[in-house]
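Enquirer:
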Amino acid sequence: MPDGGGRDADDRARVHDSARTQFAATAEAYVHSAIHAAGDDLARLIEAITARLGSLAGRPALDVATGGGHTALALARAGAVVTASDLTPEMLAAAEAHLREAAPDAGVRFVRAAAEGLPFDGGAFEVVTCRIAAHHFADPRAFLAEARRVLAPGGVLGLIDNIAPEDVAAARGMNDVERLRDPSHVEAYPVSRWLGWAGEAGLEPVHLERFWRPKELETWLRRARTSAENEAALRAMLEAAPAPVRRYLLAPSGEASAPSRLRHEVMLLVASAGPV
Ligand SMILES: C[S@@+](CC[C@H](N)C(=O)[O-])C[C@H]1O[C@@H](n2cnc3c(N)ncnc32)[C@H](O)[C@@H]1O
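Quick note: the sequence shown, position 173, residue 172 per numbering that gives the first Met the number 0, numbers continuous.
1. For N229, I'd like the list of residues in its chain whose CB is within less than 6 Å of its CB, leaving aside the five on either flank, ordered along the chain.
2. If you reduce the DSSP assignment to three classes, tell me which class G115 lands in.
3. As a quick exercise: from G53, L74, L55 and G57, pick the residue whose alpha carbon is nearest that of V63.
4. Apply the 10 Å Cβ neighbour rule to P1 and answer buried if 16 or more other Cβ atoms are within range, or exposed otherwise.
5. Going by C-alpha to C-alpha distance, which of F124, V80, P258 and E186 sits closest to V14?
6. Would you kindly check if the distance between the Cβ of G67 and the Cβ of A83 is under 8 Å?
7. At 4 residues or longer, what runs of the alpha helix (DSSP H) sit wholly inside the region 29-75?
8. Going by C-alpha distance, which of A250, L261 and T70 is nearest E95?
9. Applying the criterion that 16 or more other CB atoms from any shown protein chain within 10 Å of the CB defines a buried residue, is W193 buried or exposed?
10. In chain order, what residues of the same chain lie with their CB nearer than 7 Å to the CB of G121, ignoring the 5 residues before and after it?
11. Measuring from the CB of H206, is there a heavy atom of ligand 1 at a distance below 7 Å?
12. Contact between the region 166-184 and the region 224-238 is defined here as three or more beta-carbon pairs at a separation below 8 Å; is this criterion met?
13. Where does L86 sit, in a helix, a strand or coil, going by DSSP?
14. Quick check: the Cα distance between L207 and L267, rounded to an integer number of angstroms?
15. Would you identify the three-state DSSP class for V107, choosing helix, strand or coil?
16. Quick check: what's the CA-CA separation for V265 versus D9?
17. Taking V126 as part of the beta strand (DSSP E), name the residues at either end of that continuous run.
18. Taking the DSSP output, what are the residues bridged to E264?
19. Is L86 near ligand 1, judged by its Cβ being under 7 Å from some heavy atom?
20. Please name the residue in T87, R171 and A137 whose C-alpha comes closest to that of R11.
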């Protein structure tokens, strides 16, 4: 597995196909998902960006991998002039229908685009966001380089994503569980990796939070439409997982057997594209 990038064009296309197939089939579920629609991380994301930039009113903002459009909606409600992009046409259509109802006057623009190749001019945005999506990207380093390119000087990237433990074996175990649930999961990375890549891209971290998001196993599996075969393998893998993986994905105490809940560790990173 390449380290956050370095895939050739065929491999990148294969990863994109896998994400499109997965999210075309599950688009509506992501519009209605409580975790995506109502997570309090959305308010904290807007707060952290505002703490850096001041009011977002009238500022051009890009939400990458918008999914059901929840982050785009939060930006629009904060007054930003929002462009929402995503790789999956069905997801964009679902987000557009969602925002037409939730914020009919917001004027959000929808653009089909891969995170690794954004079809926007350099410096076009003051804010770029990306929430709960980067673990699907073929090339997260290319995404960060693109985010940096489209940001105006002094602009900020607000990135939220599920992360992995720093321990390599535990991270591998955790990502194996994720891929059984959703084959378009590429990799969740430890915070240290994201910070290194942000630095390489010329983005300076100005705010970092980590928190746990508890989930019902059943709801999590149904949202991704995990096949019966993969679900059985995933449950067996969770039950037999080594202690560090169980502790990370289940709870500090772990659950005896047949877990019904799990949790994700999540990073909220705000990084600046240099001084204004
Ligand atoms: C879980 S959803 C995103 C949730 C959303 N950002 C929110 O805040 O509710 C993941 C999205 O990532 C998109 N995606 C996956 N790989 C992508 C890529 N390489 N470029 C752009 N979008 C991608 C999928 O189409 C899907 O809509």
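Note that the Cβ used here is the ideal one computed from N, Cα and C, for glycine as well.
Expert: Working from what's here:
1. As a first step, residue 229 is located in the sequence shown; it is residue number 230 there, counting from the start. Within the same chain, N229 has close Cβ partners L179.
2. What you label residue 115 is simply residue 116 of the sequence shown in a count that begins at 1. For clarity, residue 115 is Glu in the given sequence; the question names Gly instead. Coil, per DSSP.
3. To locate residue 63, count along the sequence shown from 1; it is residue 64. Here the closest residue by C-alpha is L74.
4. As a working mapping, residue 1 is identified with position 2 in the sequence shown. Low confidence applies here, because P1 scores a pLDDT of 48, under 50, leaving its location unreliable; read the following figure in that light. The residue in question, P1, is exposed, as its Cβ has fewer than 16 Cβ neighbours within 10 Å.
5. Mapped onto the sequence shown, residue 14 falls at position 15. Answer by Cα proximity: E186.
6. Your numbering for residue 83 matches position 84 in the sequence shown. Your numbering for residue 67 matches position 68 in the sequence shown. In this structure, G67 does not lie closer than 8 Å to A83 by Cβ.
7. 33-37 and 40-52
8. Looking up residue 95 in the sequence shown gives position 96. Ranking the options by Cα distance to E95, first place goes to T70.
9. Along the sequence shown, one-based indexing puts residue 193 at 194. It counts as buried.
10. For the purposes of this step, residue 121 is identified with residue 122 of the sequence shown, where counting begins at 1. Cβ within range, chain order: R148 and V149.
11. As a working note, residue 206 is residue 207 in the sequence shown. No, ligand 1 has no heavy atom inside 7 Å of this Cβ.
12. yes
13. For this step, residue 86 is matched to residue 87 along the sequence shown. Note: L86 maps to coil in three-state DSSP.
14. Start at 1 with the first residue of the sequence shown, and residue 207 comes out as number 208. Start at 1 with the first residue of the sequence shown, and residue 267 comes out as number 268. Cα to Cα, L207 sits roughly 6 Å from L267.
15. To locate residue 107, count along the sequence shown from 1; it is residue 108. Looking at V107 - three-state DSSP - the assignment turns out to be coil, as it is neither helix nor strand.
16. The sequence position of residue 265 within the sequence shown is 266, counting from 1. The sequence position of residue 9 within the sequence shown is 10, counting from 1. Their backbone Cα atoms lie some 30 Å apart in a straight line.
17. Looking up residue 126 in the sequence shown gives position 127. First-last of the beta strand (DSSP E) with V126: F124 to R130.
18. As a working mapping, residue 264 is identified with position 265 in the sequence shown. DSSP lists W211 as partners of E264.
19. By one-based count along the sequence shown, residue 86 stands at place 87. Flag set: Cβ of L86 near ligand 1.
20. Mapped onto the sequence shown, residue 11 falls at position 12. Measuring from the Cα of R11, the nearest candidate turns out to be A137.
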